[in-house]
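Chemist: Line order of the protein sequences matches chains A and B. Residue numbering for the first sequence follows the numbering used here, beginning at 18 and increasing consecutively. Residue numbering for the second sequence follows the numbering used here, beginning at 18 and increasing consecutively.
2 protein chains.
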Amino acid sequence: MRQTNEFFDTQVIRKNNTDALDRVYTADARVLPPGAPMIAGRENIKGFWKQAIAGLGLKSVKLATVEAETTGDSVVEIGSADLTVGDGSVVTVKYVVHWKQDDGAWKWHVDIWNPNQ
Amino acid sequence: MRQTNEFFDTQVIRKNNTDALDRVYTADARVLPPGAPMIAGRENIKGFWKQAIAGLGLKSVKLATVEAETTGDSVVEIGSADLTVGDGSVVTVKYVVHWKQDDGAWKWHVDIWNPNQ
Numbered sequence: 018m019r020q021t022n023e024f025f026d027t028q029v030i031r032k033n034n035t036d037a038l039d040r041v042y043t044a045d046a047r048v049l050p051p052g053a054p055m056i057a058g059r060e061n062i063k064g065f066w067k068q069a070i071a072g073l074g075l076k077s078v079k080l081a082t083v084e085a086e087t088t089g090d091s092v093v094e095i096g097s098a099d100l101t102v103g104d105g106s107v108v109t110v111k112y113v114v115h116w117k118q119d120d121g122a123w124k125w126h127v128d129i130w131n132p133n134q
Numbered sequence: 018m019r020q021t022n023e024f025f026d027t028q029v030i031r032k033n034n035t036d037a038l039d040r041v042y043t044a045d046a047r048v049l050p051p052g053a054p055m056i057a058g059r060e061n062i063k064g065f066w067k068q069a070i071a072g073l074g075l076k077s078v079k080l081a082t083v084e085a086e087t088t089g090d091s092v093v094e095i096g097s098a099d100l101t102v103g104d105g106s107v108v109t110v111k112y113v114v115h116w117k118q119d120d121g122a123w124k125w126h127v128d129i130w131n132p133n134q
């Protein structure tokens, strides 16, 4: 899990390479971003992040696990994320991710977050 | 699950009776509201909802399940909620709830939401 969270920052966001999200999200994942409707399916999720990187000038997303609870073949993670945006300012959000195994790897199946302030 | 979601609206919010949250949240539940830090534990969560009902003039919260996935002894639910606030306007939010069994009943263990707009 920590590897995937770091991969999202170093290989997807910092390299502006949304194709690498194949290794982060399940094929039928759901993303629930604040201020927009739910996005369903990895291809649509790639479009969302492409737009977020360009629109916000998103430079880095550092994820830190606060709690992780295993249940059946899933994990429910609560975490905190520091988003560095275009002007260098950092926005902290909290998130919940439902992890599932997919092709032998742990991936994000449901991903929701909101701001702390 | 539907009963609990309706109970939250009819018995907690509409009656301004946060003591009834004993039947909604697990004792060690987590709530992650937009614009505030995470709240841990049912007693603190009662305080949060008491303040939300008073502060927003919250009159009703209608919950509708969009997807629910069972995993082990848990359910991860994605849903949509219509919040009716003091001036009668309705705010729609989307949410994710991690349900767990507690004292033989299904309850909310992790609860996070954010606005659609």
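Even glycine gets a Cβ: it sits at the ideal position worked out from N, Cα and C.
Would ARG19 of chain A be called buried (16 or more neighbouring beta carbons within 10 Å of its own) or exposed?
Modeler: The residue labelled residue 19 of chain A in the question sits at position 2 within the first sequence. By the neighbour-count rule (16 or more Cβ atoms within 10 Å), ARG19 of chain A is not buried but exposed.
Chemist: Near LYS124 of chain A, which residues of its chain fall below 8 Å by C-beta distance, leaving aside the five closest residues on each side in sequence?
Modeler: Against the first sequence, residue 124 of chain A aligns to sequence position 107. Only THR21, ARG40, VAL41, TYR42, THR43, ALA46, TRP116, LYS117, GLN118 meet the Cβ criterion.
Chemist: Short check: CB of VAL83 of chain B to CB of VAL127 of chain A, under 8 Å?
Modeler: Position 66 of the second sequence, counted from the first residue, corresponds to residue 83 of chain B. Position 110 of the first sequence, counted from the first residue, corresponds to residue 127 of chain A. Going by C-beta atoms, VAL83 of chain B is not nearer than 8 Å to VAL127 of chain A.
Chemist: Grab the span of the alpha helix (DSSP H) containing ILE95 of chain B for me, first residue to last.
Modeler: Locating residue 95 of chain B in the second sequence gives position 78, where the first residue counts as 1. Careful: ILE95 of chain B lies outside any alpha helix (DSSP H), inside the beta strand (DSSP E) at 91-101.
Chemist: Taking PRO50 of chain A and PHE65 of chain A to be in contact with their CB atoms under 8 Å, please state how far apart those CB atoms are, rounded to whole angstroms.
Modeler: For the purposes of this step, residue 50 of chain A is taken as residue 33 along the first sequence, with counting starting at 1. For the purposes of this step, residue 65 of chain A is taken as residue 48 along the first sequence, with counting starting at 1. Right, the Cβ-Cβ distance comes to about 7 Å (below 8 Å), so this counts as a contact.
Chemist: Quick one, are the C-beta atoms of VAL110 of chain A and PRO132 of chain A less than 8 Å apart?
Modeler: In the first sequence, residue 110 of chain A corresponds to position 93, counting from 1. In the first sequence, residue 132 of chain A corresponds to position 115, counting from 1. Yes, the pair counts as a contact, with Cβ atoms nearer than the cut-off.
Chemist: Looking at the C-beta of LYS111 of chain B, does it have a partner C-beta in chain A at a distance below 8 Å?
Modeler: Numbered from its first residue, the second sequence carries residue 111 of chain B at position 94. So, interface residue.
Chemist: Please report the distance separating the alpha-carbon of THR9 of chain A from that of GLY121 of chain A.
Modeler: In this structure chain A extends from 18 to 134, so residue 9 of chain A is not present and cannot be described.
Chemist: Measure from the C-beta of LEU80 of chain A to each C-beta in chain B and report whether the shortest distance is under 8 Å.
Modeler: In the first sequence, the residue the question calls residue 80 of chain A occupies position 63. Chain B contact via Cβ: absent.
Chemist: Taking ALA44 of chain B as part of the beta strand (DSSP E), name the residues at either end of that continuous run.
Modeler: As a first step, residue 44 of chain B is located in the second sequence; it is residue number 27 there, counting from the start. Segment 42-49, the beta strand (DSSP E) holding ALA44 of chain B.
Chemist: Between MET55 of chain B and chain A, is any beta-carbon pair separated by less than 8 Å?
Modeler: Stepping through the second sequence from its first residue, residue 55 of chain B is reached at position 38. For MET55 of chain B, the answer is yes, since a Cβ of chain A falls inside 8 Å of its Cβ.
Chemist: Would ILE129 of chain A and ILE129 of chain B qualify as a contact pair, given that the criterion is a beta-carbon distance under 8 Å?
Modeler: By one-based count along the first sequence, residue 129 of chain A stands at place 112. By one-based count along the second sequence, residue 129 of chain B stands at place 112. The answer is yes: Cβ separation under 8 Å.
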